[in-house]
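Following this note's numbering, the numbering of the sequence shown begins with 45 at its first residue and continues without gaps.
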Amino acid sequence: MTTRNPETPEYKQLRQTMDDIKTLKIQGATNVAIYGVEAFAKHAETVPVKDDDLLAHLEPLVEEISFVRVTEPALRNGLRYVMTGIRREGKEVASELGQAYVKLIDDAKKRIFKIGAERIRDGSRVFTHCHSSISVGIFLEAAKQGKDFDVINTETRPLFQGRKTARILAKQNIRVTHVVDSAMRWAMNSFNPHMIFLGADAITVEGVALNKIGSRLCALASEEEHIPLYICTSLLKYDQATSIGRLSEIEMRSPLEIWDEGCPEGVKVLNPAFETIDRRNISAYITEAGLIPPQSVHQTFRRIYGSQIHDFQQLWS
Ligand code: RUB
């Protein structure tokens, strides 16, 4: 058995999970973090190496997993959370730490669902883009509370994550109107939604959100139509590296997702997965700490998670 490629079932599962994250079988920042951290923690606990060899094996793996999808700091924060514990107490605690991180996410989600649902009233019209499990969770909570409201959502090219959103809402008898991405400004003008709920993949130190491509267009249209825009997200998506000057990266996906067969030679197809939403366009973040303005993300993250997730040592090296 080599340290580089251990033949344990947990390692195989980790590799499978990484593949599922890369190919979007596991989709959305929250799910990417949950599945990635759980699989890593189980592997770390069972890998048959110890002492210095353990860290020499795990550290490059953390780097590799972190960048399977580059715009996912909630995954990176979780991996660091587990690694901090392993350094202190050994690999025996890895699974427990993985579960503890997933619990942080679950607790955050429950709070956000409740807080976000407060914003929705009978007769509300809410616009959303892509598939954010957090935004959808808010809609489901509001429906559970008996509120009667409408959702307008986009299909989200090229991989149609918006259909997932529409299917889930329709199944719960929440009225949903589905439009192509390029109709988002038209839909805002036609349906005059009371608010926009978007998820986030990453949040920077400036309070800028990164979310699915199209989100900035959505924000610009919201400005034109004077519709408040909320980012529904756990603060665990805060990209700590931005506070020491690094830029949050934007994942560039395969052009084949856009045009696989028959693309003429000489045509360059680009497929950026995410884009930034300027903090000026964000009315508030709906988080586990309540509604907060973009300027407060860094301090609020430090206050809630600072003692548990501190990877600044590694960031400086
Ligand atoms: C999904 C996407 C989601 C965020 C938030 O992109 O942009 O809005 O990840 O999701 P992709 P959640 O389909 O490329 O993963 O609220 O579930 O964390």
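We put the CB at the ideal spot given by N, CA and C, even for glycine.
- Counted within 10 angstroms of its Cβ, other Cβ atoms place C307 as buried (16 or more) or exposed: Flag for C307 reads exposed.
- Task: Give a yes or no on whether the C-beta atoms belonging to Q301 and P237 are separated by under 8 angstroms.
- Result: The residue asked about is misnamed: residue 301 is Glu in this sequence, not Gln. By the CB criterion at 8 angstroms, E301 and P237 fall outside the cutoff.
- Query: So is the beta-carbon of D245 under 7 angstroms away from any non-hydrogen atom of the ligand RUB?
  - Reply: Checking every heavy atom of the ligand RUB against the Cβ of D245, one is found closer than 7 angstroms.
- Query: Hey, how far is the Cα of R132 from the Cα of L98?
  - Reply: Taking the straight line from one Cα to the other gives about 13 angstroms.
- Item | G72 beta carbon near the ligand RUB (any heavy atom closer than 7 angstroms) | At least one heavy atom of the ligand RUB lies closer than 7 angstroms to the C-beta of G72.
- Task: Return the chain-ordered ranges of every beta strand (DSSP E) run that is complete within the region 226-278 and spans a minimum of 3 residues.
- Result: Counting only runs of 3 or more, we get 239-242, 253-256 and 273-276.
- Message: What I want to know is whether the C-beta of C307 ends up closer than 7 angstroms to one or more non-hydrogen atoms of the ligand RUB.
- Response: Not under cutoff, so the answer is no.
- What's the call for V180, buried or exposed, on a 16-neighbour Cβ count within 10 Å? So V180 counts as buried.
- Mind the definition here: the region 214-223 touches the region 185-197 only if three or more C-beta pairs lie below 8 angstroms; say whether that holds. These segments touch.
- Buried or exposed for R124, please, with buried defined as at least 16 other CB atoms from any protein chain shown within 10 angstroms of its CB. R124 comes out buried.
- Item | For I288, the nearest candidate out of R211, W230, V249 and R229 (CA to CA) | Considering only R211, W230, V249 and R229, the residue with the shortest C-alpha distance to I288 is V249.
- Task: Throw me the rounded Cβ distance for the V76 and E116 pair, which I believe falls under 8 angstroms.
- Result: By a beta-carbon distance limit of 8 angstroms, V76 contacts E116. Their separation comes to about 5 angstroms.
- Task: Indicate the three-state DSSP secondary structure (helix, strand or coil) for F318 in the structure shown.
- Result: F318: strand per DSSP, three-state reduction.
- Message: Assuming Y282 is part of the beta strand (DSSP E), what are its boundary residues?
- Response: No beta strand (DSSP E) holds Y282; DSSP gives it neither H nor E.
- Exposed unless 16 or more other CB atoms sit within 10 angstroms - verdict on L280: By the neighbour-count criterion, in which 16 or more other beta carbons inside 10 Å mark a residue as buried, L280 falls on the buried side.
- Item | Proximity test, L273 beta-carbon vs the ligand RUB heavy atom, cut-off 7 angstroms | No, since every heavy atom of the ligand RUB falls outside the 7 angstroms radius drawn around the Cβ of L273.
- Query: Alpha carbon to alpha carbon, how far is F183 from R211?
  - Reply: Roughly 13 angstroms between the two C-alpha positions.
- DSSP state of R155, grouped into three classes? In this structure, DSSP gives R155 a helical state, which the three-state scheme calls helix.
- Item | Cα-Cα separation, H342 to R165 | Taking the straight line joining both Cα atoms gives about 30 angstroms.
- Message: Less than 6 angstroms between C-beta atoms, sequence neighbours within five positions excluded: which residues of the same chain meet that for V252?
- Response: So the list reads T320 and R323, once near-sequence residues are dropped.
- Coarse secondary structure for T46, derived from DSSP in three states: Low local confidence applies: a pLDDT of 48 at T46 is under 50, so the model's placement there is unreliable, and no value is given.
- In three-state terms, what does DSSP make of E54? Three-state DSSP puts E54 in a helix.
- Message: Closest to Q60 by C-alpha separation, out of H270, K256 and I109, would be which residue?
- Response: Of the listed residues, the one whose Cα sits closest to Q60 is I109.
- Query: Distance, Cα to Cα, M228 vs N255?
  - Reply: Rounded to the nearest angstrom, the two C-alpha atoms are 16 angstroms apart.
- Task: Can you have a look at T46 and say buried or exposed, based on whether 16 or more other CB atoms are within 10 angstroms of its CB?
- Result: For T46, the pLDDT reaches just 48, beneath the cut-off of 50, and the residue's location in the model is therefore unreliable, leaving the point undetermined.
- V220, DSSP secondary structure in three states: Strand.
- Task: Tell me, to the nearest whole angstrom, how far the beta carbon of G142 is from that of H175; I am working on the premise that it is less than 8 angstroms.
- Result: Rounded, the Cβ-Cβ distance is 24 angstroms, inconsistent with contact.
- S292 versus F318, S298, S234 and G134, residue with shortest Cα-Cα distance: Each of F318, S298, S234 and G134 was checked against the Cα of S292, and the nearest Cα belongs to F318.
- Task: Just list the beta strand (DSSP E) runs in the region 101-179, keeping only unbroken ones of 3 residues or longer that don't cross its boundaries, in chain order.
- Result: Within the region 101-179, the complete beta strand (DSSP E) segments at least 3 residues long are 169-172, listed from N- to C-terminus.
- Going along the chain, which residues of its own chain have a beta-carbon closer than 8 angstroms to the beta-carbon of F235, five neighbours each way excluded? The residues are R169, F171, D194, I196 and T221.
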